[in-house]
Every structure is written in C-alpha cells, then in structure tokens.
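I have placed the structure first, in the form of structure tokens, so that the comments after it can refer back to it.
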Amino acid sequence: MSPSPTRGPLLLGVRHHGPGSARAVRAALEAARPQAVLIEGPPEGDALLPLAAEKGMRPPVALLAHAADDPGRAAFWPLAGFSPEWVAIRWAQEHEVPVRFIDLPAAHSLATAADGPERTEPDAVRLDPLAVLAETAGYDDPERWWEDVVEHRGARGTGEDVLGAFEALGEAMGALREAYGDGGHRRDLVREAYMRQRMRVARREFGDAYAVVCGAWHVPALRAKATVAADKALLSGLPKVKVETAWVPWTHRRLARAGGYGAGITSPGWYAHLFTAADRPVERWLTKVAGLLREEDRQVSSAHVIEAVRLAETLAAMRGRPLPGLTETLEAVRAVMCDGSDIPLALIEDRLVVGDVLGEVPDGAPVVPLQRDLTRQQRTLRLKAEAQDRELELDLRKDTDTAKSLLLHRLRLLGIGWGTPVASRSGTGTFRETWRLRWEPELSVRIAEAGIWGTTVLGAATAKAEADAAAAEELGEVTALAEQCLLAGLAQALPAVLRALADRAALDTDVARLAKALPALARSLRYGDVRGTDATALGAVAAGLAERICVALPSACTAGLDADAAAELRGHVDGVHGAIGLLADADEGLRERWSAVLAVLADRDTVPGVIRGRAARLLLDDGRLPAEETARLMGLALSPASSPADAAGWIEGFAGGSSGGGTLLVHDDRLLGLIDTWLVGVPERAFTDVLPLLRRTFGAYEPGVKRTLGELVRRGPGSAAAAASASAAPEGFGPELDPERADAVVGLVRMLLAG
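Per the working numbering: the sequence shown ends with 762, consecutive numbering throughout.
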C-alpha cells in the first residue's frame with residue numbers, strides 16, 4: 008500500500024513516548040512503505056541520525072542541543088525504545104530510506120528561550136488535548152483513556168486498521184483545533200510553519216510518497232492548506248544562535264519529567280514492558296513484580312501471581328476496560344502480594360513502574376573534549392556511570408582509590424555533581440572516603456558548560472579554581488576553595504588560591520568570619536598530609552589566622568550579643584578549638600595561647616552564658632581546669648544573681664550536644680547537684696522561658712544516660728546511694744587514672760583505629 012495522491016503524504020499523529028503509538032507507527036510504515044520519513048525534531052540532529060543504527064547505541068537516549076557560546080542554554084529531545092520517533096528512525100534505516108528531522112531548528116528555539124518564556128494571550132489556556140478527549144469520552148484520567156483506546160485496542164491491528172486509527176485520531180485533533188485554535192501554544196504556529204516548509208521540500212523530491220511522524224496535535228495544521236508566503240511571514244525575523252548537538256544517555260526516571268517534547272510520562276518502565284511484551288503482558292508484568300519482591304525477601308509464590316492476574320482481569324472487566332491497565336495491576340499487587348501495604352508497593356513503583364534504565368551512546372559519537380577525557384578516566388578507573396544510587400568506599404592509601412577520589416572532587420569543583428561525599432559506615436579517619444554516585448542526564452549539560460575551562464578534567468578544574476579565587480569576595484569562599492584544591496590535588500591552582508587567601512585574611516577584621524574560615528584551613532592541611540601535597544604556605548596562613556582569632560575573640564564575645572549571635576559564636580569556638588588541635592602539632596605554643604583565651608571566656612561574667620559554659624567544658628576536657636574550679640564556675644553561673652536564661656545557656660554550653668555532657672553528670676555527683684538545686688529554685692515564670700533550652704540540652708543525651716540521670720535525681724544528688732555509685736571519688740570526678748588498667752586496652756584501641 009502507498010499513500011494516496013489525493014490525500015497527500017502519510018501523516019502519523021502520535022503520542023510522544025507512547026508504546027501503542029510506536030507499534031502503530033511501525034505497522035503503518037510497513038503497510039505504506041514510504042520513500043522517506045520526516046520526524047518532529049530539530050534539523051541540527053540530522054547529521055547524528057546514522058549513529059542510531061550503530062551497535063553501541065542503546066535507548067533511552069536524548070538529542071542534546073546547546074548554544075555554542077553558552078552551553079547552559081540547552082534542550083533535550085529524549086527517545087526511548089518505545090518512542091514512535093525512535094521506531095520510525097530505525098525503520099527508515101533498516102529499509103534504507105531517507106529520514107530527517109523537520110521541527111523548528113534549535114538555533115531558533117534556543118535563541119528565543121534566551122529572550123524569556125513563551126508569551127500567551129491574557130485569557131489563553133494551555134490545552135492538554137488528551138485530557139479533553141478523555142473527558143469527552145467520560146474518563147477522568149487521560150492516561151487510562153489512552154491505554155484503552157490505543158495501547159490495548161489499536162496495538163495489534165492490521166495495516167488498514169492502524170491507518171484508520173491514525174485517521175480517526177487526526178480527525179479528533181482537527182475538531183479540537185477548530186474549537187480551541189492553538190490551545191494557548193502560540194509557539195506551535197511557528198513550528199508548524201517550518202514543518203510545512205520542510206514538507207514542501209520533501210514533496211519536490213518524493214512527491215507524496217513520504218510519511219510524517221509528529222505529535223497528533225500538529226496533524227491538522229500540517230494537513231491544512233497554507234501559502235508559502237504566510238509561512239515565511241511567521242518565520243521571518245526569528246533570532247538565531249550557533250548550536251552544537253550530541254547524543255547523550257538518558258534514563259527512564261528522567262523520562263518521567265517533561266522533556267524537549269513537553270511530554271513527561273509517569274510510568275516509563277510500564278510502557279517499556281508493554282512495548283516489549285509480545286503476548287500476555289499482564290502475566291509477564293506480574294511475574295516481574297513477584298521476582299522483585301522475592302529479591303527483597305518477601306514470600307511471594309506462583310499462586311500469588313495467578314491470583315493477582317485473576318484479580319486484575321476482574322477489575323478490568325468490572326470497569327469496562329479491554330485489558331487490565333497499570334491501575335488494575337497495582338491494585339491487584341497491593342491486595343495479593345503486599346498484604347494491603349503501600350510500602351512494598353512504593354518499591355515496585357520506583358523500580359519497575361519508573362525504573363533506572365540508563366541508555367548508552369556509541370564511542371564515536373560527537374562529544375566535547377572534556378567529556379572524552381572524562382570517559383577515558385571512567386574506563387581506566389572502572390567507574391561506570393549508573394542511573395541508580397550506589398555507594399563507593401575509597402581507601403586513600405591505595406593509588407586507584409586516590410585517583411577516583413581526585414576525579415570526583417575535580418568534577419564537584421566544576422559543578423558536575425556525579426558524586427556526593429557521605430559519612431562512611433565502615434570507619435572514620437582521613438584515609439577513608441565514601442561517595443554516593445548517581446548519573447543524571449543533565450550532567451551532560453554541566454560537562455558542556457565546564458568545557459570552557461579546558462579540554463581535560465584536571466586542566467578545567469585548575470582553571471576554574473584560579474578564576475574562582477580571583478572572583479571570591481569573602482574569606483570563607485577562599486578557604487573552602489583551598490580545601491577543595493587539596494582534596495582535588497590541584498597543585499598548580501594552589502599558589503593563586505593561597506595569594507587570594509592571604510589577601511582576604513589580611514583585610515578581614517570580622518572575628519566570626521575568621522573563626523569560620525580556620526577549620527577549613529586546618530582540614531586542608533590534614534588532607535594535604537594524606538595526599539602528599541605540600542601545604543607549607545597554607546600552614547603559615549592558618550597559623551596567622553589562629554593568632555588573630557586568639558587576640559580578637561574575647562572582645563568579640565562581650566559586645567552585647569543576642570541569643571542567636573551567641574549560639575553562632577559558640578559554634579565557632581568549637582570549630583576553632585578543633586582546628587587548633589590539628590595545628591598545635593606544629594606549634595605547641597598555639598595550644599597554650601588558645602587555652603588562655605578559653606580561660607578568659609570561662610571566667611568573664613560579661614560573656615554570654617552559652618559561651619562561658621562551653622569554654623569551661625573545653626578546658627575541663629583538655630585537663631586544664633581542676634575539678635574544684637569547674638564546680639566554682641558552675642556555682643557562680645547558677646547563683647541567684649544570674650538570670651535564669653543566662654544560667655540555662657551556661658548549662659547548654661557546658662553539658663549540651665553530643666559532647667558527653669550527660670556521662671559527665673552521671674559520674675560527677677556534685678555538678679549534677681548544683682544543676683538540680685538551681686533548677687528547683689528557678690521561679691515558675693522564668694522556668695517556662697528556659698524550659699525549651701533545657702529540653703534541647705538534655706534531650707540529646709542517649710536513652711541510657713537519661714534513665715541514669717533520672718534515677719540519680721529521684722534519689723537526690725548527694726544522697727548515700729548516689730555517693731556510693733561514685734565510690735572512691737570524693738570530688739565527684741572518679742578515681743585517678745590507673746596506668747595498668749589503661750595500658751591493658753591500648754592494643755585493642757590501636758586495632759580499632761587501624762580498622
């Protein structure tokens with residue numbers, strides 16, 4: 008059969024990513040045998056179409072078009088194995104007939120997108136054609152209507168039946184276009200004018216013996232009689248940019264969002280199954296579901312599958328549907344296989360209904376040089392891009408793992424977030440790193456954007472770090488960048504970053520910003536040691552920063568800080584304390600000077616209570632505050648002369664958070680007694696004000712610690728029972744260190760740390 012000359016070319020109106028449409032397109036092309044196939048898509052992709060036939064091409068993939076001078080201005084045209092456009096491309100290639108894209112060039116659409124969003128008339132409504140047709144047919148769900156009229160009924164008809172179905176759908180869209188005009192899609196008029204121009208070119212070459220595969224909404228406009236002059240008028244004056252194109256891998260999960268066709272689908276995994284299942288799709292689908300649930304250690308037998316099939320078919324019959332759809336199958340799965348629970352059903356929807364299938368493109372496909380270098384490193388390091396989340400444990404004492412770490416850190420610096428650092432579950436320390444990897448199609452755009460910095464990952468990351476250092480306005484930005492450079496092994500970028508760091512540090516007088524910057528520098532020095540990087544210059548900057556903090560911090564803590572500012576500064580005190588602990592290995596005098604600063608903060612009554620309490624606790628943990636002095640400071644802080652809010656802040660600073668304050672109070676009967684006595688004496692009105700702060704302080708303790716504290720308070724701190732629990736500790740801090748008992752656990756501690 009061939010297209011009738013009186014009816015013009017074969018217009019196949021489809022639903023993008025519709026498996027029923029894809030099967031119907033294949034049947035229609037087999038029946039009509041056109042001499043050329045025209046497809047809705049950007050003409051810039053014509054040169055890439057031959058790659059679709061190569062062995063290394065596996066959908067889902069997407070045609071990426073981006074502005075050559077601004078890669079971030081990009082658009083995707085995704086194609087799955089069940090997309091009608093992909094089926095048409097492959098049919099044309101298999102039958103050796105020309106295939107071309109005929110939509111408005113990306114050079115125009117991307118230039119227009121830069122000018123702002125599409126404008127519509129004030130009263131215009133953006134029409135969903137399928138929703139209107141579904142509502143007209145009495146359906147409240149467009150997806151269910153489409154399944155009934157296309158996926159289940161028109162899937163396996165003869166060539167004549169399929170062509171008739173396309174004619175009927177075209178007539179329905181024609182009625183909608185008559186009633187709604189452009190449906191609020193003003194840009195479609197320009198696109199359709201260009202499509203008609205490309206059809207005129209095809210007519211001169213092939214007569215009417217060609218087929219057009221496009222969204223069903225466009226069929227009436229492509230069939231309408233329009234003059235060449237009218238179409239040229241619509242296309243005149245369109246802005247234009249230079250465009251580059253490439254094939255990139257896509258995912259089923261990303262198909263679930265609106266893409267270049269504006270046709271996001273909610274169930275790509277289900278659609279892929281419908282397209283590939285030769286027969287008995289419901290039975291095969293429910294067998295897949297049973298297999299997934301068994302992998303998750305749920306007891307699902309063949310009898311469950313049989314019963315679920317029966318229930319799904321019964322539901323479909325009751326609802327007047329030709330075959331069970333996704334709704335019926337999921338309801339049957341919930342009732343039969345999931346015991347009515349939505350938790351395993353959510354797993355099925357995530358893994359099977361949507362899925363994490365990731366496509367592939369051939370090695371010879373055009374890519375930016377940066378992508379080529381990244382692909383080479385991925386293969387060398389055996390880091391495969393995958394659509395699903397996976398954790399990667401790295402031991403930085405191994406060369407290969409170090410190389411993987413450097414690559415992932417360099418990509419993060421370039422804004423290519425393939426990997427995200429997470430807390431390690433197998434151990435801690437500077438020699439371990441854990442990453443969560445997930446490849447998203449949008450990363451292809453990020454790679455194209457980063458290509459302006461260089462042709463290799465190392466070169467691009469180095470250039471980007473140097474540029475960021477020059478543009479940074481705050482000290483914190485530069486310190487974070489210095490840490491990134493050491494993590495990423497960017498030795499060539501460090502001199503520029505360190506110059507910027509020294510300049511910003513010399514000019515910055517805000518002690519809070521200085522205190523915020525110091526921990527990052529200390530971590531950078533530690534990471535430099537692990538990776539064998541020379542960070543001597545960085546150490547000098549960090550030491551100078553620490554000295555300035557020691558001088559300026561006491562005065563900054565007495566400037567009438569409000570509660571929020573005091574809490575923020577308390578956090579900075581913690582950060583500086585940890586940083587100085589790392590820096591003190593090179594300068595023992597620095598630790599002494601910092602301890603003197605903490606002593607001033609702990610004893611100065613003009614300092615907010617939360618900071619005084621924290622300073623006292625840090626000194627106590629370092630063995631620089633005797634037990635008697637600790638009790639004296641607490642007694643002063645909790646005396647009747649202190650406001651309840653300030654006293655509660657002192658308690659939070661001293662015993663709050665995850666610093667082991669609960670354990671300290673369990674073993675120090677005197678400190679617990681001081682807190683208990685103060686709490687009993689707080690006036691009722693003030694108690695209401697300080698209660699949230701106290702709950703935050705004590706609520707963070709371990710359940711066992713809270714139970715023990717409750718029991719001690721019930722007995723009464725200072726009672727004989729409580730004193731007995733402290734045994735030979737008259738001052739409440741437990742007996743002195745027993746060297747023999749301490750030495751006995753050294754071997755075990757070393758083994759744990761080494762693991």
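Ideal placement from N, C-alpha and C gives every residue a C-beta, glycine not left out.
Being a predicted model, the structure only gives us computed values, none of them experimental.
Whole beta strand (DSSP E) elements within the stretch 299-366, 3-residue minimum
The qualifying runs do not exist here; there are none.
Rounded C-beta distance between ALA29 and SER90? I'm assuming under 8 Å.
That belief holds up - the Cβ atoms of ALA29 and SER90 are roughly 6 Å apart, short of 8 Å.
Bridge partners for TRP93 per DSSP, in chain order?
Paired residues: none, contrary to the question.
Which of the three DSSP states, helix, strand or coil, is assigned to ARG47?
Residue identity check: residue 47 is Glu in the sequence provided, not Arg. GLU47 sits in coil when the DSSP states are folded into three classes, being neither helix nor strand.
Validate contact between the stretch 78-90 and the stretch 445-453 using beta carbons, cut 8 Å, 3 pairs
Cβ pair count under 8 Å is three or more, so yes.
Quick one: is PRO16 buried, meaning 16 or more other Cβ sit within 10 Å of its Cβ, or exposed?
With 16 or more Cβ atoms within 10 Å of its Cβ, PRO16 is classed as buried.
With GLU490 and ALA527 assumed to form a contact (beta carbons below 8 Å), what rounded beta-carbon distance in angstroms separates them?
About 5 Å separates the two Cβ atoms, so the contact holds.
Check whether ALA72 and ALA99 have beta carbons under 9 Å apart:
No. Outside cutoff.
Host alpha helix (DSSP H) of GLU61 (start-end):
For GLU61, there is no enclosing alpha helix (DSSP H), as DSSP marks it with neither H nor E.
Which residues in the same chain have their Cβ closer than 8 Å to the Cβ of ALA477, if we skip the five residues on either side of it in sequence?
Around ALA477: ALA503, ALA507.
How far does the beta strand (DSSP E) with VAL580 in it reach, from first residue to last?
Premise fails: VAL580 lies in the alpha helix (DSSP H), 570-590, not in any beta strand (DSSP E).
Is it true that the stretch 246-258 meets the stretch 366-374, where meeting means three or more beta-carbon pairs spaced less than 8 Å apart?
With a cut-off of 8 Å, the stretch 366-374 and the stretch 246-258 count as touching, because enough Cβ pairs lie within range.
Return the residue from the list GLU335, ARG404, LEU388, LYS405 that minimises the CA-CA distance to LEU415.
Among GLU335, ARG404, LEU388, LYS405, the Cα nearest to that of LEU415 belongs to LEU388.
Taking 9 Å as the threshold (C-beta atoms), are LEU597 and ALA550 in contact?
Cβ distance < 9 Å, so ALA550 and LEU597 count as in contact.
Mind checking whether LEU626 and ALA606 have CB atoms under 9 Å apart?
Yes; because the gap between Cβ atoms is below 9 Å, this pair is in contact.
Exposed or buried, THR407, counting other C-beta atoms within 10 Å across all chains shown (16 or more means buried)?
Here THR407 is exposed. Its C-beta has fewer than 16 other C-beta atoms within 10 Å.
Specify the secondary structure class of PRO256 as computed by DSSP and reduced to three states.
Shown here, PRO256 sits in a strand according to DSSP, grouped into three states.
From the DSSP secondary-structure annotation, give me the bridge partner or partners of PHE83.
Paired residue(s): LEU71.
Which of the three DSSP states, helix, strand or coil, is assigned to ARG397?
Three-state DSSP puts ARG397 in a strand.
Distance check for VAL44 and PRO331, CA to CA, integer angstroms please.
C-alpha separation (whole angstroms): 34 Å.
Confirm, please, whether the CB-CB distance from GLU47 to ASP135 is below 9 Å.
Taking 9 Å as the Cβ cut-off, ASP135 and GLU47 do not qualify as a contacting pair.
Best match in LEU365, GLN204, ILE355 for proximity to LEU242 [C-alpha to C-alpha]:
Answer by Cα proximity: GLN204.
For GLU367 and LEU465, I'd like the C-alpha separation in whole angstroms.
Whole-angstrom Cα-Cα distance: 25 Å.
Measure the CB-CB distance between LEU681 and MET641 and report whether it falls below 9 Å.
Yes, Cβ-Cβ distance for LEU681 and MET641 is below 9 Å.
Can you give me the C-alpha to C-alpha distance between ALA392 and GLY424, rounded to a whole angstrom?
Cα atoms of ALA392 and GLY424: separation of roughly 12 Å, rounded to the nearest angstrom.
Can you check whether the CB of LEU413 is closer than 9 Å to the CB of GLY496?
Between GLY496 and LEU413, the CB-CB gap stays under 9 Å.
Which of helix, strand or coil DSSP assigns to LEU134
In the displayed model, LEU134 falls within coil according to three-state DSSP, outside both helix and strand.
Coarse secondary structure for PRO66, derived from DSSP in three states
Three-state result, PRO66: coil.
Could you check if GLY663 is buried or exposed, using at least 16 other CB atoms within 10 Å of its CB as the buried criterion?
GLY663 should be labelled buried.
Based on Cα-Cα distance, which residue from ASP696, GLU659, ALA749 lies nearest to PHE705?
In this structure, GLU659 is the residue among ASP696, GLU659, ALA749 with its C-alpha nearest to the C-alpha of PHE705.
Which of the three DSSP states, helix, strand or coil, is assigned to LEU402?
For clarity, residue 402 is Asp in the given sequence; the question names Leu instead. ASP402 falls in the strand class under three-state DSSP.
With a CB to CB cut of under 7 Å and the five nearest residues on each side skipped, what residues in its chain are close to VAL585?
Contrary to the premise, residue 585 reads as Gly rather than Val in this sequence. Same-chain partners within the cutoff: PRO526.
Would the stretch 227-238 and the stretch 178-193 be scored as touching if the rule is three or more Cβ pairs under 8 Å?
With three or more CB-CB distances shorter than 8 Å, the stretch 227-238 counts as touching the stretch 178-193.
Give every residue of the same chain whose Cβ lies closer than 8 Å to the Cβ of ARG291, excluding the five residues on either side of it in the sequence, and list them in chain order.
If the five residues before and after ARG291 are omitted, its C-beta is found closer than 8 Å to the C-beta atoms of HIS280, ALA284, all from its own chain and listed in chain order.
Delimiting residues of the alpha helix (DSSP H) encompassing TYR1
The question about residue 1 has no answer, for the chain in this structure spans 8 to 762.
Supposed close pair VAL104, PRO149 - CB separation, criterion 8 Å
Wrong, their Cβ atoms sit about 34 Å apart, outside the cutoff.
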